[in-house]
Amino acid sequence: MCKTIGVKDLNALMEEAIPASVRREQELDLPDGTLGESGALDLLKKMLSKNVVAKNYIGMGYHGSHLPGPILRNLLENPGWYTAYTPYQAEISQGRLESLVNFQTLVCELTGMEVANASLLDEGTAAAEAMAMIARAVNSKSKNQFFISEAVHPQTIDCLKTRAHYFGMELVIGDHSKTDFASMDKLFGALVQYPDTKGRFDDYSGIAQALHKNGAYLTVAADPLSLVVAKPPSEFGADVVVGSMQRFGVPMWFGGPSAAYLATSKKQVRRMPGRIIGESVDRLGNPAYRLTLQTREQHIRLDKATSNVCTAQVLLANIASMYSVYHRKDGLQRIAKKVHGLAQLFASEAGKAGMAVGTGAFFDTVTVDTGKSAKAVVEALQAKQMNMRVLDDTTVSVAFDETHLQEDVHALIAALKEAGVGGSSPTAAASMAVNGEIDNSFARKGPFLEQKIFNSISSETELMRYMMTLQKKDLALDTSMISLGSCTMKLNSVSSLAPCSWPEVTNMHPFAPESQTAGYREMLTSLEQYLISCTGFDACSLQPTSGASGEYAGLLVIRKYLEAKGEGHRDVCIIPRSAHGTNPASAAMCGMEIKWIEDSRGMDVSEFKALCAEYKDRLACLMVTYPSTRAFFEDNIQEICATVHENGGQVYMDGANMNAQLGLTSPGMIGADVCHLNLHKTFSIPHGGGGPGLGPICAKKHLAPHLPGHCVVNPPTAGSDPAGAVSAAPWGQAGIACIPWMFCTMLGKQGVLDSGRYSILNANYMKSRLEPHFDIAPTNKNNRCAHEFIMDFSDIRKKSGIVEEDIAKRLQDYGFHAPTMSWPVPHSLMVEPTESEDKAELDRFCDAMISIRKEIAKIESGEWPADDNPLKNAPHTQKEVCASEWNHCYSREEAAFPAPWLLQRGKYWPTVARVDNSLGDRKLKLRLEE
């Protein structure tokens with residue numbers, strides 16, 4: 001490989017690719033890598049065994065659930081599902097797109113709303129997204145207030161406080177039952193919980209009417225399992241409904257990941273955050289799913305965006321979707337009635353034991369006035385491994401879920417009595433009926449979930465085959481390499497993933513007492529130290545739940561730091577033109593004014609210095625990606641960072657390309673102050689078809705006091721003057737943190753270093769093989785790229801009419817996922833092979849591209865017509881190739897089997913032909929109707 005590149009050895013390549021001034025000499029402070037897979041698993045098992053898996057009755061939006069075995073084995077633990085990428089290439093993503101349409105349909109049916117997205121990150125941030133969305137919908141300078149019921153979950157209120165601050169919104173938090181909404185003409189919206197954080201149902205129709213008269217909107221945070229049996233929020237006037245689908249088969253995982261949802265009316269669809277799946281048709285007129293309205297929010301509005309969400313929780317949304325398919329409508333109803341029945345049984349037995357039970361309609365949560373210190377009662381039950389919630393000085397709440405049994409209720413009552421709760425005379429709750437039927441005034445009456453998919457599968461065999469049918473429609477890493485530039489689709493090793501299914505990982509409530517979570521905390525602290533070493537920084541927060549969430553958190557920390565210094569007026573953020581769309585969106589959400597800098601051939605230092613000097617009194621930060629999004633290490637990065645500091649600003653580094661830095665350089669060395677890390681890229685968490693992700697931030701010492709905190713359980717990394725919560729859970733998506741921990745522990749310092757070295761080797765090798773055939777975008781002065789490179793098709797486009805999309809779709813016929821298309825260079829493909837692919841796979845991809853170049857030559861010469869050739873017609877489906885008629889000038893073999901390995905390794909068939917994107921945007925069909 002080095003011979004092909006033209007270097008003596010790997011060390012020589014590193015010297016030519018990475019500027020000497022930023023090359024790292026110090027070893028990574030990681031394990032020595034001698035444990036191997038089994039040793040690392042044993043060590044982690046001992047660590048996590050320190051967790052105490054207690055009976056949880058805490059609730060607050062996190063509940064025990066049963067993940068059905070067929071879904072565990074055939075979806076969560078199946079690389080055909082967890083290694084797939086975000087479904088930008090619709091033709092090779094039809095399986096998970098169908099499953100996500102099921103998810104959107106499920107959410108619409110439960111909430112009664114017209115449209116839903118394909119999931120968001122968590123309930124707290126989904127509520128914040130809803131707030132921003134309706135503010136944009138109202139679009140009134142005179143309306144800058146947002147009301148939040150004090151009966152909303154506290155972690156959700158925490159997230160809303162953070163989000164509202166730099167949007168210039170005034171939050172009004174109070175008792176919704178005592179608020180005169182009709183007189184509050186400055187409100188653009190309100191948020192209520194259904195059932196609320198104390199477990200009570202309330203009729204919000206009067207609030208909705210008052211808000212609507214004033215041109216404001218009502219958002220409802222709703223528990224979806226309760227909506228199986230309870231009146232949907234649409235029936236009392238909700239405009240937006242948000243929540244978490246966690247209890248639909250997704251483990252608690254100490255806070256995440258799980259799929260949140262947002263549902264609203266059709267008129268808001270172009271303002272909705274996140275991904276939306278819709279139906280269009282393909283080239284042959286057949287129905288086909290695709291991502292709808294892809295160029296919304298940050299992709300088109302950039303510095304005017306109100307959301308930076310660029311992905312979803314696809315793997316978890318698919319679990320929730322399949323959970324509903326598996327149980328069917330009648331099964332979901334049985335589960336909901338069982339849960340409510342357990343709550344009724346508890347209330348009845350508590351009443352018989354003389355306990356003062358809260359009144360009102362409820363679903364799964366019951367409150368008890370203990371008549372004594374609620375904290376002491378809760379601690380007494382924690383000693384018996386029963387966790388409940390302190391509501392106030394004397395009141396506790398108890399929440400039930402599908403994992404609880406009748407004997408749990410009786411054990412809980414006995415423990416409360418032993419703690420001195422109750423009296424000699426029964427209370428009113430003693431006569432409560434135990435029948436699983438909720439209060440009639442809140443009961444769901446109308447038909448719902450009538451679609452065939454939620455009422456037809458009645459055996460594990462059928463479910464297994466349905467999931468396999470969908471899986472075979474998608475191309476994931478189990479088929480071939482996915483060379484997406486800036487996305488780092490590397491191996492997700494089985495040993496890294498195995499702990500995600502351990503009970504001491506899955507069954508932990510994020511608000512469980514510290515005495516029960518020692519194993520989790522030790523593992524998370526260890527991971528933080530690994531990341532600190534890799535970045536060369538001093539502190540780390542694991543709370544951000546995605547790369548975009550990490551961007552937002554990092555910029556919040558900078559703003560908080562500047563405010564603490566008395567320089568809160570600094571609000572200018574400089575961003576290179578090549579930046580991902582989430583960069584300006586994140587800056588806009590932090591109230592910053594974006595100033596762009598051209599970097600098509602690398603950043604011009606003199607121009608950059610002039611821009612910094614122009615805004616020296618207002619400069620807050622630079623957002624920079626390193627290696628640059630243009631795919632090489634810039635020589636002058638330290639000078640650029642120093643210039644920012646000289647002008648009073650801070651440097652935020654986007655960690656999207658961190659895979660090229662591992663052990664070779666670091667954000668701390670180049671002069672950055674804070675960075676986010678995409679653990680679903682560099683540190684090997686699976687992409688899951690478009691989520692989950694994990695985007696922690698690392699920072700220098702001076703920024704550490706401002707790392708995110710949490711109002712319920714404050715993590716040890718939280719600063720003394722925190723920027724605010726950016727996620728609903730204290731450690732974000734802690735349940736998948738064991739994956740990067742295993743990655744670092746198994747590989748050790750040398751293996752992690754080699755990950756970076758081999759990713760640069762693989763990219764330069766492929767670039768060298770393809771340079772004679774394609775134009776390569778400018779690289780560094782030594783003609784070396786970093787871990788990715790860009791092929792520019794502008795000249796091919798002019799000569800042949802073949803565009804980058806044609807090449808991307810033709811690659812599907814060769815059995816490959818297309819590289820990143822049309823970004824950051826127009827008319828290009830950006831290729832990132834990662835360190836995980838062997839030379840044979842790299843050569844197969846290069847051979848495919850060279851073969852495609854020969855096909856283009858036939859079009860340029862006129863041998864093939866410009867409008868009827870394998871590229872313009874790609875991809876070719878099995879149905880088309882096997883049809884009795886074939887009216888193309890090229891053969892069926894040329895269409896479907898253009899390379900020898902397709903016969904040797906097996907042919908992947910796209911299940912639809914090229915999808916009509918514009919039709920799907922014009923005629924929105926976003927859910928199942930039948």
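If you read the sequence shown in the UniProt record's numbering, its first letter stands for residue 1, the second for the next number, and so on.
Glycine is no exception: its CB is placed at the ideal position from the N, C-alpha and C atoms.
Nearest-angstrom Cα separation, counted from residue j out to residue i
i	j	result
residue 297	residue 133	Confidence at residue 297 is low in this model, with a pLDDT of 39, below 50, so the placement of that residue is unreliable and no value is reported for it.
residue 35	residue 520	20 angstroms
residue 394	residue 118	41 angstroms
residue 836	residue 755	8 angstroms
residue 384	residue 577	58 angstroms
residue 444	residue 289	31 angstroms
residue 587	residue 414	54 angstroms
residue 163	residue 304	15 angstroms
residue 537	residue 348	55 angstroms
residue 421	residue 183	43 angstroms
residue 137	residue 241	15 angstroms
residue 972	residue 590	Shown here, the chain extends from 1 to 930; a query on residue 972 therefore has no answer.
residue 177	residue 207	9 angstroms
residue 818	residue 829	8 angstroms
residue 689	residue 458	26 angstroms
For residue i, the three-state DSSP class (helix, strand or coil)
i	result
residue 558	helix
residue 776	strand
residue 298	Bear in mind that the predicted position of residue 298 carries a pLDDT of just 40, short of 50, making it unreliable; the figure below should be weighed with that in mind. DSSP places residue 298 in helix when its eight states are reduced to three.
residue 189	strand
residue 521	helix
residue 713	coil
residue 769	helix
residue 914	coil
residue 359	coil
residue 787	coil
residue 820	strand
residue 661	coil
residue 229	coil
residue 318	helix
Nearest residue (CA-CA) to residue i, options the options
i	options	result
residue 821	140, 312 and 794	794
residue 147	191, 122, 177 and 138	191
residue 518	6, 18, 45 and 5	45
residue 742	753, 694 and 685	685
residue 186	834, 554 and 213	213
residue 906	843, 887, 814 and 867	814
residue 624	502, 137, 636 and 7	636
residue 780	772, 806, 823 and 627	627
residue 233	248, 159 and 217	217
residue 360	202, 759 and 154	202
residue 335	449, 403 and 662	403
residue 619	735, 316, 655 and 562	562
residue 811	863, 868, 872 and 790	872
Check whether residue i and residue j have beta carbons under 8 angstroms apart
i	j	result
residue 935	residue 701	Outside the shown range of the chain, which is 1 to 930, sits residue 935, and nothing can be said about it.
residue 768	residue 5	yes
residue 632	residue 321	no
residue 860	residue 799	yes
residue 47	residue 432	no
residue 198	residue 371	no
residue 647	residue 672	no
Residues near residue i by beta carbon distance below 6 angstroms, same chain, minus five either side
i	result
residue 516	52 and 54
residue 272	117
residue 323	248 and 249
residue 423	354
Cβ neighbours of residue i in the same chain (closer than 7 angstroms, five flanking residues each side left out)
i	result
residue 544	550, 553, 676, 695, 696, 697, 726, 727 and 732
residue 908	475, 479 and 815
residue 596	575 and 577
Same chain, Cβ closer than 8 angstroms to residue i, neighbours up to 5 away in sequence not counted
i	result
residue 738	44, 48, 496, 499, 500, 505 and 523
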